[in-house]
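Protein chains: 2
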Amino acid sequence: MNEQQKRILLVEDDPNFGTVLKDYLMMNDYEVTHAKNGMEGFEKFKKDDFDLCILDVMMPYKDGFTLAKEIREKNTEVPIIFLTAKAMKEDVLKGYKVGADDYLNKPFDSEVLLMKIKAIIQRKASDTVADSKQFEFKIGGFDLNSKLRFLTYNGGEQVKLSPKENELLRLLALHENDLMPRELALTKIWRDDNYFTSRSMDVYIAKLRKYLKLDEKVEILNIHGEGFRLVVNTEA
Amino acid sequence: MNEQQKRILLVEDDPNFGTVLKDYLMMNDYEVTHAKNGMEGFEKFKKDDFDLCILDVMMPYKDGFTLAKEIREKNTEVPIIFLTAKAMKEDVLKGYKVGADDYLNKPFDSEVLLMKIKAIIQRKASDTVADSKQFEFKIGGFDLNSKLRFLTYNGGEQVKLSPKENELLRLLALHENDLMPRELALTKIWRDDNYFTSRSMDVYIAKLRKYLKLDEKVEILNIHGEGFRLVVNTEA
DNA sequence: ATTTTTGTTAATGTAAGGTTAAAAGCTATA
DNA sequence: TATAGCTTTTAACCTTACATTAACAAAAAT
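Chains as they are written, first to last, in the working numbering: chain A, 1 to 236; chain B, 1 to 236.
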């Protein structure tokens, strides 16, 4: 077998620590690009295609969170790990809002980092692959253009979708006729899973159902405790 | 929300360390059964269904390797992690021969353990799904889709099943025409075996019988004191 | 005959989901 | 910086879905 080497963008301003970490990761079969600050990090990010970003939070010019936000604007998928100088709850929260997949307090055990990297990359690999690039869907009489965020019924009028509406419907469409687990939507779209985000999602389901009412063959079913299922009934 | 809690069997004779570790794992959303020695460990293993076993190697009466061997005889799948007092190559090898999935030298970083657990459980999950988890069954004129939790009769309308209904019917289907022991359903589905859960199960049997009435060739028979048997009569 | 086990229906309590509306966040633009 | 126009979250209230327990009848075992 032999998966191809995974590519990591490491943004770390401390030259000693940065080089050591880079070498360590390379020894563990990752291809590592090391940027010395946020600016450089973003440049390198745009130029290349990474499987994971490891960002130091404390950096001159451009801190890790700001960089992460910029990266997220370009790419909503790539996993991000933050390195923080010490446990700072505020920061951690802020990090999660940007869509961090994990964070680590320096100094950290390098083996822990390695395990996290493995877990994260593997997780992403199993979700994403084919999915991540599909933006147009036929759903019964509807056409969803997920890039431009609109829904048309029988070529007629276009309904504009909000970002969340759009992502949720897209996720449902990707799993048409199959279970779309609640948890999946929450982690992929809301990047958080708690009572309120879950209720928020229910609100969006209600909105989507309203849009989809035009075609009575299309419906969103609930699977209690599991998630939702977008079905398109074939028969009359 | 969400995946169900994973169950860990922890066999560790040092009471202090054992309790601390148990608490730590429980804080991280695992359900932990703690056994204080190999004997007890094996008893608990037989009674329940675990997703992972963590075995201390050094234990009085029955060491971890011996226990692992016994466990393997009952179950070739369940992942096993060994805790060894210190790096001992010999032992490690011996462990792998028994089919250990990993080992850790005490003292170890608890976060590392956590990551290993996650990785191992996930890996198993992804192996297993396809094979051992069968989700579609034909039962006479019925089709059971156990993933989406519905039952159709002759391609007609879909009846939604509750989680318990679904799991119970699936278990019966897995043993079609054969005895499905009461105790099996109780430990696998209810994860508990007492008067009330047993009565609860009877209620579910009644519910399933109601659904299955549509096809008079399909029935659930009781084997007094033993369990139930899902039969599909072939002749007219 | 009488004690256990099972069959079945109904009642109860709790959790999850459906829906709408109000509040809070954003962003752009005046 | 105020404001208009959106998006998203939170709140509230209601309905449905589930699992358990109770209650009583029937069947099987002793």
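All C-beta atoms in this analysis are idealised placements derived from N, C-alpha and C, irrespective of residue type, glycine included.
Here the structure is a predicted model, which means the values were calculated and not measured.
Exercise for the section: Would you be able to state if there are at least three C-beta pairs under 8 Å between the region 3-21 of chain B and the region 207-215 of chain A? Expected result: no
Practice task
For chain B, find out if any of its Cβ atoms is closer than 8 Å to the Cβ of N2 (chain A); answer yes or no.
Solution key: Unreliable placement is indicated for N2 (chain A), whose pLDDT of 47 sits below 50; no coordinate value is reported for it.
Exercise for the section: Can you check the region 2-36 of chain A for any alpha helix (DSSP H) of at least 4 residues that lies completely inside it and give the ranges in chain order? Expected result: 15-27
Exercise for the section: Closer than 7 Å, Cβ to Cβ, to anything on chain A: give me those residues from the region 127-161 of chain B, in chain order. Expected result: K147, L148 and R149
Exercise for the section: Flag this pair as yes or no: are the beta carbons of D57 (chain A) and F65 (chain A) separated by less than 8 Å? Expected result: One point to set straight first is that residue 57 (chain A) is Val, not Asp, in the sequence displayed. Yes.
Handout entry: Pairwise C-alpha distance: G38 (chain A) and D63 (chain A)
Key = 6 Å
Exercise for the section: Could you tell me which residues DSSP puts in a beta bridge with K160 (chain A)? Expected result: A:F150
Problem - K207 (chain B) (DSSP reduced to helix, strand or coil) - result: helix
Problem - beta strand (DSSP E) runs wholly inside the region 172-200 of chain B, at least 3 long, in chain order - result: 179-181
Handout entry: Pairwise C-alpha distance: F82 (chain B) and G41 (chain A)
Key = 41 Å
Problem - Residue closest to K138 (chain A), alpha-carbon to alpha-carbon, out of A:E111, A:H175 and A:D23 - result: A:H175
Problem - Three-state secondary structure (DSSP) of T66 (chain A) - result: helix
Exercise for the section: Return no unless some Cβ of chain B is closer than 8 Å to the Cβ of V203 (chain A). Expected result: no
Handout entry: Which of helix, strand or coil DSSP assigns to K217 (chain B)
Key = coil
Handout entry: Environment of N2 (chain A) [buried if 16+ CB atoms lie within 10 Å]
Key = Unreliable positioning characterises N2 (chain A) in this predicted model, as indicated by a pLDDT of 47, which lies under 50. The coordinate reading is nonetheless provided below. Classification of N2 (chain A): exposed, given that the 10 Å Cβ count is below 16.
Exercise for the section: Note the first and the last residue of the continuous beta strand (DSSP E) segment covering E136 (chain A). Expected result: E136 to I139
Problem - E31 (chain A) versus L114 (chain A) - alpha carbon distance - result: 13 Å
Problem - Environment of S146 (chain A) [buried if 16+ CB atoms lie within 10 Å] - result: buried
Practice task
Output the distance between the C-alpha atoms of L184 (chain A) and G227 (chain A), rounded to the nearest integer angstrom.
Solution key: 9 Å
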